[in-house]
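Asks: Pasting in a structure now, in structure tokens, and then I'll have a few things to ask.
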Amino acid sequence: MIGNSDLARTFWEHGKAADCPIYDMHGHMGPYHSIYFPRAEPADMVRTMDEAGVRLLIFSHHSALNSPNLANQPSIAAVRAFPDRLRAYCMVNPNYPEQMARDLDAFDSLFPDVYVGFKFLSDYHQIPLTDEAYRPAWEVADRRGLLVLAHTWGGSQYDGEAVVRKVAERYPNVKFLLGHSCHGAWDAAIALANDFPNIYLELTAIFDDRGGIETFVRGAGSDRMLFGTDLPWFDPHQAIGVLLNAGITDEDRHNICHRNAERLLRPIVPGVVGD
Amino acid sequence: MRFFDCNAFFGLPAKRPLAPVADVAALLAEMDRAGLERALVWHIAQHDVAPQTGNAMLAEAIAPYSRLYGCWTVLPNQAHEFPPPSLLFKQMREARVVGLRIFPSSHRYLANAVSMGELFEAMVAARVPLFVSVHRGMAWRDVYDLLAEFPELTCVICDHGVWGEDRMFRPLLERYPNVHVDTAQYLLDGGIEALVSDYGASRVLFGSGFPESYFGGMMMAIKHARIPQEAKEMIAFRNLERIIEEARL
Numbered sequence: 443m444i445g446n447s448d449l450a451r452t453f454w455e456h457g458k459a460a461d462c463p464i465y466d467m468h469g470h471m472g473p474y475h476s477i478y479f480p481r482a483e484p485a486d487m488v489r490t491m492d493e494a495g496v497r498l499l500i501f502s503h504h505s506a507l508n509s510p511n512l513a514n515q516p517s518i519a520a521v522r523a524f525p526d527r528l529r530a531y532c533m534v535n536p537n538y539p540e541q542m543a544r545d546l547d548a549f550d551s552l553f554p555d556v557y558v559g560f561k562f563l564s565d566y567h568q569i570p571l572t573d574e575a576y577r578p579a580w581e582v583a584d585r586r587g588l589l590v591l592a593h594t595w596g597g598s599q600y601d602g603e604a605v606v607r608k609v610a611e612r613y614p615n616v617k618f619l620l621g622h623s624c625h626g627a628w629d630a631a632i633a634l635a636n637d638f639p640n641i642y643l644e645l646t647a648i649f650d651d652r653g654g655i656e657t658f659v660r661g662a663g664s665d666r667m668l669f670g671t672d673l674p675w676f677d678p679h680q681a682i683g684v685l686l687n688a689g690i691t692d693e694d695r696h697n698i699c700h701r702n703a704e705r706l707l708r709p710i711v712p713g714v715v716g717d
Numbered sequence: 014m015r016f017f018d019c020n021a022f023f024g025l026p027a028k029r030p031l032a033p034v035a036d037v038a039a040l041l042a043e044m045d046r047a048g049l050e051r052a053l054v055w056h057i058a059q060h061d062v063a064p065q066t067g068n069a070m071l072a073e074a075i076a077p078y079s080r081l082y083g084c085w086t087v088l089p090n091q092a093h094e095f096p097p098p099s100l101l102f103k104q105m106r107e108a109r110v111v112g113l114r115i116f117p118s119s120h121r122y123l124a125n126a127v128s129m130g131e132l133f134e135a136m137v138a139a140r141v142p143l144f145v146s147v148h149r150g151m152a153w154r155d156v157y158d159l160l161a162e163f164p165e166l167t168c169v170i171c172d173h174g175v176w177g178e179d180r181m182f183r184p185l186l187e188r189y190p191n192v193h194v195d196t197a198q199y200l201l202d203g204g205i206e207a208l209v210s211d212y213g214a215s216r217v218l219f220g221s222g223f224p225e226s227y228f229g230g231m232m233m234a235i236k237h238a239r240i241p242q243e244a245k246e247m248i249a250f251r252n253l254e255r256i257i258e259e260a261r262l
């Protein structure tokens, strides 16, 4: 067995644990050009979630990331098909300010039944998080205290640790989820979490870097870490196995899997988030 | 459920990682903590220092531990840095070394018939497995070129990446019956199930990628994959057992 705790025994035997539901805070959906996905449609993803005890997935459809033609429509349709299991981030692409304006105009009508906040993908869209073009979305999120999941990568001129620090100073009310936790710049990510109480370290792609989980728990605390898998990219059981195998406590695992997410989401989607 | 890892190393890399595993004692402690029965391991000095240096360090370190099997690293032998294949295989058998690794791009050579034909022909004849990492020391194009020249080679392609490299390795699985893939960094949801469905469980080996990856991640993924128990056991340990048994060292 991969760990020596009560949670490890339960997860190892059953694949999930009733007293430790999982909130996956970083997902996608649908096909993507450079990878084969066996299970990228909503029903397939929900079956994966069932098997791993994932209660809720918050995602942005691959089409929303990279096709301004389709924008958020595929995300909206998927949430409406599985309203108890899915919520979406409203994806904004500042390369298309006219589409971004439409997305912001529509936001109120879709919050919170569909959206819980925004998703920014600066590295891919090649516009820094600090750019003026992002300002309308940041201001909406800051005014209302919404979640923003931003792809962040160590050293990036678009969403690296220095850029993150500037926007964190500018928008203190945003619940700022660092997607991939400034991947590779581990100490800088910890410093950001320690300097800004509204920053959370989201763990997609950290689960394959041995030592990362323990480093974050020691440096930032497990109450600042969020479970994420990029589903349909990464198998949630792989991430669970890492959490069980890592040198942390079951209390840390509860924080990472559900407690922190419940604290963030309960004011937004109380019917979906359990007590 | 038993696990036999085909892809783990120990030793201190020149560049310090997040969680180094300095020696075989630390490796065994982590294996015990994860419930891992056996492992086929190599020493990072085989890559970072020199194959001869690392091979000797590996052999000495694993000698007392029957649950550890070794994987040495080789080079082109025009400068006579290694013994001829027959003697190399004898030395491997004596040291409980059951496979070979190459890092051609890191060690600056071409892994082909011109450079290493004698050794690869001997490996094919004796069914000695070759382990390659597309994360460290060998590019996909080089793997394709090597297998085109030695289509019968028993080859395990490791560390094929978190971007789901199916479009890279599936053509090789289809073309070459002795090609296998390991699970290190193959995090793709449903990936194991799709591979088993398309090629059978005999072509997939549990590999952790330790110490850069956790043992527990892919152990959990295999344990709860949507495949029959028999297929899980093949991936977890039986396929590697079979490959080792088939080698005539």
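Order-wise, the sequence lines are chains A and B. Numbering of the first sequence is given in my numbering, commencing with residue 443 and proceeding in unit increments. Numbering of the second sequence is given in my numbering, commencing with residue 14 and proceeding in unit increments. The beta-carbon is built from N, C-alpha and C at its ideal position, and this holds for glycine as well. Only a predicted model underlies this, so the values are computations on that prediction, with no experimental measurement involved.
Going by DSSP, what residue range makes up the beta strand (DSSP E) through A:F560?
Replies: A:F560 -> beta strand (DSSP E) spans Y557 to F562.
Asks: Return the Cβ separation of B:S210 and A:R652 in integer angstroms, given the expectation that the two are a contact with Cβ distance under 8 Å.
Replies: Actually they are not in contact, since the Cβ atoms of B:S210 and A:R652 sit about 30 Å apart, beyond 8 Å.
Asks: Taking 8 Å as the CB-CB cut-off, is B:F228 touching chain A?
Replies: Interface residue, yes.
Asks: Nearest chain B C-beta to A:Y465 closer than 8 Å, yes or no?
Replies: Cβ-Cβ to chain B under 8 Å: no for A:Y465.
Asks: Can you give me the start and stop residues for the beta strand (DSSP E) that A:R497 sits inside?
Replies: Segment V496 to F501, the beta strand (DSSP E) holding A:R497.
Asks: Where DSSP assigns a beta bridge to B:D195, which residues make up the other side?
Replies: Answer is B:L218, bridged to B:D195.
Asks: Helix, strand or coil for B:R261? Go by DSSP, reduced to three states.
Replies: Three-state DSSP puts B:R261 in coil, outside helix and strand.
Asks: For B:W176, return the contacting residues in chain A, with the cut-off set at a CB-CB distance below 8 Å.
Replies: What B:W176 touches in chain A: S476 and I477.
Asks: With distance defined between alpha-carbon atoms, name the residue in B:A214, B:F219 and B:A126 nearest to B:D195.
Replies: The candidate whose alpha carbon is nearest that of B:D195 is B:F219.
Asks: Do A:N554 and B:G203 have their CB atoms nearer than 8 Å?
Replies: In the sequence on display, residue 554 of chain A carries Pro and not Asn. Not a contact, by the Cβ cut-off of 8 Å.
Asks: For a contact meaning CB atoms closer than 9 Å, what does A:A688 contact in chain B?
Replies: Simply Y227 and G229.
Asks: If we cut at 8 Å on Cβ distances, does A:G649 have a partner in chain B?
Replies: Here the sequence assigns Phe to residue 649 of chain A, which means Gly is not the residue at that position. Yes, A:F649 lies at the interface with chain B (some Cβ there is under 8 Å from its Cβ).
Asks: My output table needs one value for A:S623: the three-state DSSP class, helix, strand or coil.
Replies: It is a strand residue.
Asks: Enumerate in chain order the residues of its own chain whose CB-to-CB distance from B:R261 is below 7 Å, with the five nearest sequence positions on each side excluded.
Replies: Correct list, in chain order: A139 and R140.
Asks: Chain B beta carbons: is any one of them nearer than 8 Å to that of A:W580?
Replies: Chain B, which has no Cβ nearer than 8 Å to the Cβ of A:W580, makes this no.
Asks: Can you tell me whether B:I115 is helix, strand or coil according to DSSP?
Replies: Correct three-state label for B:I115: coil.
Asks: Measure the Cβ-Cβ separation of A:L673 and A:L528 and say whether it is below 8 Å.
Replies: Against a cut-off of 8 Å, the Cβ pair of A:L528 and A:L673 comes out as no contact.
Asks: How about A:D629: is its Cβ closer than 7 Å to a heavy atom in the ligand FAD?
Replies: Ligands displayed in this structure: none; no statement on the ligand FAD is therefore possible.
Asks: Taking the alpha carbon of A:G663 as the point to measure from, which residue in A:G683, A:P678 and A:H696 has its own alpha carbon closest?
Replies: Nearest of A:G683, A:P678 and A:H696 to A:G663, Cα basis: A:H696.
Asks: Assuming B:D36 contacts B:A74 under a Cβ cut-off of 8 Å, what Cβ separation, rounded to an integer in Å, is found between them?
Replies: Contact holds; Cβ gap of about 7 Å.
Asks: Beta strand (DSSP E) containing B:D211: first to last residue?
Replies: Note, B:D211: premise wrong, no beta strand (DSSP E); alpha helix (DSSP H) at G204 to Y212.
Asks: Does the CB of A:R451 have a neighbour CB from chain B at under 8 Å?
Replies: So no, A:R451 is outside the interface.
Asks: Quick one: is A:H456 buried, meaning 16 or more other Cβ sit within 10 Å of its Cβ, or exposed?
Replies: The residue in question, A:H456, is exposed, as its Cβ has fewer than 16 Cβ neighbours within 10 Å.
Asks: Are the CB atoms of A:A523 and A:P516 within a distance shorter than 8 Å?
Replies: Cβ atoms of A:P516 and A:A523: not closer than 8 Å.
Asks: Using a Cβ-Cβ cut-off of 6 Å (strictly less than) and excluding sequence neighbours within five positions of A:G683, which residues of its own chain qualify?
Replies: The answer, listed in chain order, is I444.
Asks: Just list the beta strand (DSSP E) runs in the region 583-627 of chain A, keeping only unbroken ones of 3 residues or longer that don't cross its boundaries, in chain order.
Replies: As far as the region 583-627 of chain A is concerned, its whole beta strand (DSSP E) runs of at least 3 residues are 589-595 and 617-625.
Asks: Starting from B:F263, trace the beta strand (DSSP E) in both directions and tell me its first and last residue.
Replies: With chain B represented from 14 up to 262, any question about residue 263 of chain B goes unanswered, as that position is not in the structure.
Asks: Checking contacts by CB at 8 Å: is B:G48 closer than that to chain A?
Replies: Yes, because at least one Cβ of chain A sits closer than 8 Å to the Cβ of B:G48.
Asks: For A:A635, which residues of its own chain have a beta-carbon under 6 Å away from its beta-carbon, when the five flanking residues on both sides are left out?
Replies: The residues are I641, L643, A662 and R666.
Asks: Can you pull out the residues from the region 188-204 of chain B whose beta carbon lies closer than 8 Å to at least one beta carbon of chain A?
Replies: Residues passing the 8 Å Cβ filter: Q198, L200, L201, D202, G203 and G204.
Asks: Is any beta-carbon of chain B found at less than 8 Å from that of A:G626?
Replies: No - not a single Cβ of chain B is within 8 Å of the one on A:G626.
Asks: By Cβ distance, which residues of its chain are closer than 7 Å to A:H700, with the 5 residues on each side in sequence left out?
Replies: Same-chain partners within the cutoff: C462, P463, I464 and Y465.
Asks: Less than 8 Å between C-beta atoms, sequence neighbours within five positions excluded: which residues of the same chain meet that for A:L686?
Replies: So the qualifying residues of the chain are I444, G445, S447, L449, A450, F453, W454 and R695.
Asks: What's the gap between the Cα of A:D629 and the Cα of A:D584?
Replies: Answer to the nearest angstrom: the Cα atoms are 26 Å apart.
Asks: Give the range of the beta strand (DSSP E) segment to which A:E644 is assigned.
Replies: Segment I641 to E644, the beta strand (DSSP E) holding A:E644.
Asks: For B:V156, name the three-state secondary structure that DSSP assigns.
Replies: Helix, per DSSP.
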